[in-house]
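Have a look at the structure below before the remarks.
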Amino acid sequence: MLPLRLSAAALSAAALLLAAASTTASAHTHDTKTHTTVPDIAGGGFETPVVPAPSLFTTYLGGQAVGPWAGGGNSVDLTSDRLWDAAEGSQSLDLNGSTSGSVSQEISTHPLTSYVVSFELAGNPAWAPALKTGELRVDGVPVKTFSFDVTGHGFRNMGYTRQTAVFTNLLKSSVTLTFASTSPGLGGPVIDDVRVRSCLLVLCPPVS
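Residue numbering for the sequence shown follows the working numbering, beginning at 440 and increasing consecutively.
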């Protein structure tokens with residue numbers, strides 16, 4: 440999580456803006472505890488493009504689009520459940536193709552708003568090293584490092600775990616989310632079911 444330090448004057452200005460926003464809060468999705476809006480995030484389940492049968496995966500080089508995601512680094516593998524189980528749907532993303540790669544997507548954001556990014560994490564069990572590592576970045580700045588040990592896991596026992604991170608946007612109208620592998624080799628961290636939700640800066644619940 441990125442540290443946030445605001446002066447008393449900035450907090451006062453934020454309070455005034457939040458009070459003004461409350462008059463139009465009904466225009467947004469909300470619950471009884473927090474005001475939430477959902478930014479545009481596409482392809483969080485990595486279901487498109489479809490890996491054509493009978494292929495087990497499709498490799499995308501850095502610079503190629505993976506559906507709504509922009510590929511970076513060396514390469515990534517869009518993987519069908521014909522090879523291993525997805526966390527949801529029938530496809531997931533190995534962040535290592537030939538070696539470490541990444542995917543990025545720009546999402547719209549609102550001022551004075553915090554965002555919770557969550558995703559399912561596992562690892563390619565077919566290749567060393569056993570410990571797969573990566574980063575979630577916002578505009579190139581790491582907000583979460585993550586790791587997954589594939590020991591004891593296999594193609595039909597991937598062991599996905601839910602990961603969460605929070606970042607705070609003060610003034611930008613959009614940011615770029617990047618999932619990047621920091622592991623070498625042919626098998627990297629595997630991600631699926633990426634979701635983003637927002638909450639007002641002063642009301643965002645802590646990440647568990």
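Virtual Cβ for every residue (Gly too), placed ideally from N, Cα, C. The structure presented is a predicted model; accordingly, all values stated were derived computationally and were not measured.
What residues in its chain sit with their C-beta under 6 Å from that of residue i, if we drop five residues either side in the sequence?
i    : result
A525 : S531 and D631
Could you confirm whether any beta carbon from chain D is found closer than 7 Å to the beta carbon of residue i?
i    : result
V589 : Judged by its chain identifiers, the structure shown contains no chain D, having just a single protein chain.
Would you mind working out which of the options sits nearest residue i, comparing C-alpha positions?
i    : options                   : result
V577 : A565, N563 and T617       : T617
V505 : G528, S543 and S494       : S543
S537 : G624, T487 and P628       : G624
S612 : W508, L551 and N513       : L551
R601 : V580, R521, V635 and G540 : V635
E527 : G540, L610, G484 and T497 : G484
K583 : V556, C638, C643 and P488 : V556
When you compare the CB positions of residue i and residue j, do they come within less than 7 Å of one another, or not?
i    : j    : result
F594 : L560 : no
S514 : L500 : yes
G569 : T590 : Per the sequence presented here, residue 569 reads as Ala, with Gly not at that position. Yes.
P493 : G573 : no
D516 : D533 : yes
S541 : A604 : no
V490 : T498 : no
V633 : F558 : yes
K571 : S539 : no
May I ask which residues mark the beginning and end of the beta strand (DSSP E) holding residue i?
i    : result
V635 : P628 to L639
V490 : No beta strand (DSSP E) contains V490, which DSSP labels as neither H nor E.
L500 : F496 to L500
Counting only the same chain and skipping the five closest in sequence on each side, list residues whose C-beta sits under 7 Å from that of residue i.
i    : result
P507 : A481, G482 and Q544
W566 : G624, L625 and G626
G502 : G510
What does a CB cutoff of less than 8 Å around residue i pick up in its chain, not counting 5 residues either side in sequence?
i    : result
P564 : W523, V589, H592, G593, F594, M597 and G626
S529 : E486, S519 and D520
Minimum length 3: unbroken beta strand (DSSP E) runs contained in the segment 563 to 620: Complete beta strand (DSSP E) runs here, min 3: 570 to 577, 580 to 588, 600 to 608 and 613 to 620.
Contained beta strand (DSSP E) runs [length at least 3] in the segment 531 to 565, N- to C-terminal order: If we require 3 residues or more, the beta strand (DSSP E) runs fully inside the segment 531 to 565 come out as 540 to 547 and 552 to 562.
Beta strand (DSSP E) runs contained entirely in the segment 509 to 534, provided each spans 3 or more residues: 514 to 519 and 530 to 533
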